[in-house]
Amino acid sequence: TDELAKALDGLKLGRIKATVLAGTEHRVAVVLRGRGLSPRVTDTDPHEIGETIEESRPLESAAKVTAKAVNAFTKQAYKILKSHPVNRARVAKGEPPANAIVLRGAGVFPDLVPITERFHVTAAGIAGVALIRGMFRTIGMDVIDVPGATGGLDTDMIAKADGALDALRTHDLVVLHVKAPDLCGHDGNASEKIRVIERMDAMMGHLKTMLATDVVVALTADHSTPVALKDHSGDPVPLTIFGEGVRVDEVLNFDERSMAHGALGRLRGTDVMNVLLNASNRVEKYGA
192 TDELAKALDG LKLGRIKATV LAGTEHRVAV VLRGRGLSPR VTDTDPHEIG
242 ETIEESRPLE SAAKVTAKAV NAFTKQAYKI LKSHPVNRAR VAKGEPPANA
292 IVLRGAGVFP DLVPITERFH VTAAGIAGVA LIRGMFRTIG MDVIDVPGAT
342 GGLDTDMIAK ADGALDALRT HDLVVLHVKA PDLCGHDGNA SEKIRVIERM
392 DAMMGHLKTM LATDVVVALT ADHSTPVALK DHSGDPVPLT IFGEGVRVDE
442 VLNFDERSMA HGALGRLRGT DVMNVLLNAS NRVEKYGA
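Letter by letter, the sequence shown follows residues 192 to 479 in the working numbering.
Quick look at the structure:
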């Protein structure tokens, strides 16, 4: 991905310039810079395997320049990638060429209040996926590099756990992200997903034996990726919070059905930080 991304980096699309950066596995980030740009354009990703790449359409008149630039990028990228040495070598080995870029999720860089200011905590994040690492940086979290954290099925979960333990010495909050279960969901691979969850269970056991008694832990997911769907769904995800002094309920298993009967009920994602701050005695007291 690095070599192919470098081949596309700096593409001129009229008065628009494209910056292309390699991400994790097959992913790249494409940044368009120029005047008159708008995020209000449709994806070129058809979201279905075997379907033709779509043309980007403007969702408002102010986005016509952007849609035109996106479509020009698609065509120029194909011309460059189809004859790239990486792809010639892949074809020679009987492998499919990586000869196109499909774009989705157009947006602008957000102006967010850093987590240190919003919640008054020092925070760090550990992840192998470039997208997640970028999200950490966007909200002012320190990104911790852990050898073996690949963002794939081969990621070293114990090394990531040890990295989190080290980070807790200098940070109030540490987020440890594991991508592997999501990958298995997209692949529809139930048996591999079970193995990944078993490895995560071992990681949590390792953490639990090493954590200081005053650390509060939340275990949850950012979304559901059912094996049956091979895609994200809007189903609620389980959440458990444990630590010294944290109120307990009668739920004994960490799964969707059991957690639905827990004391936390159904929370919005925006509520989780406040619940954690309360559990760790960090919330500001109001009133008498």
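Even for Gly, the Cβ is constructed at its ideal location relative to N, Cα and C. Bear in mind the structure is a predicted one, so any value in this text is a computation, not a measurement.
Same chain, Cβ closer than 8 Å to residue i, neighbours up to 5 away in sequence not counted
| i | result |
| --- | --- |
| Ala340 | Ile317, Ala318, Gly319, Thr346, Asp347, Ala350, Lys351 and Gly354 |
| Pro426 | Inspection of the sequence shows that residue 426 is occupied by Asp rather than by Pro. Contacts found: Ser415, Pro417 and Glu447. |
| Ser424 | His414, Ser415, Thr416 and Pro417 |
Nearest-angstrom beta carbon gap, residue j and residue i [assumed within contact, 8 Å]
| i | j | result |
| --- | --- | --- |
| Asp234 | Leu294 | 6 Å |
| Val387 | Leu344 | 7 Å |
| Gly342 | Lys370 | 5 Å |
| Val232 | Ala254 | 5 Å |
Inter-residue spacing [alpha-carbon to alpha-carbon] between residue i and residue j
| i | j | result |
| --- | --- | --- |
| Leu322 | Leu250 | 25 Å |
| Glu308 | Asp333 | 14 Å |
| Ala198 | Leu272 | 8 Å |
| Gly436 | Val442 | 17 Å |
| Val256 | Gly227 | 7 Å |
| Glu367 | Thr210 | Correcting the residue type first, residue 367 is Leu in the shown sequence and not Glu. Computed Cα separation, rounded: 29 Å. |
| Ala358 | Leu467 | 18 Å |
| Arg448 | Gly376 | 18 Å |
| Gly214 | Arg206 | 26 Å |
| Leu177 | Asp440 | Absent from the model: residue 177. The displayed extent of the chain is 192 to 479, so no value can be given. |
| Ser382 | Arg390 | 13 Å |
| Arg473 | Thr404 | 16 Å |
Contact set for residue i: own chain, Cβ-Cβ below 6 Å, skip 5 residues either direction
| i | result |
| --- | --- |
| Ala263 | Leu204 |
| Pro288 | Asn278, Arg281 and Val282 |
| Val222 | Thr210 |
| Ile292 | Ala268 |
| Glu194 | Val277 |
Exposure label - residue i; buried when at least 16 CB within 10 Å
| i | result |
| --- | --- |
| Arg324 | buried |
| Asn278 | buried |
| Thr416 | buried |
| His493 | Outside the displayed range of the chain (192 to 479) lies residue 493, so it cannot be described from this structure. |
| Met401 | exposed |
| Leu303 | exposed |
| Ala258 | buried |
| Pro230 | exposed |
| Phe300 | exposed |
| Ala451 | exposed |
| Pro338 | exposed |
| Ile432 | buried |
Close Cβ partners of residue i (< 7 Å) along its chain, the five nearest in sequence each way excluded
| i | result |
| --- | --- |
| Val406 | Leu359 and Gly434 |
| Gly453 | Asp440 and Val442 |
Inset, instruction - Can you check the region 197-246 for any beta strand (DSSP E) of at least 3 residues that lies completely inside it and give the ranges in chain order? - result: As far as the region 197-246 is concerned, its whole beta strand (DSSP E) runs of at least 3 residues are 202-204, 207-213 and 219-224.
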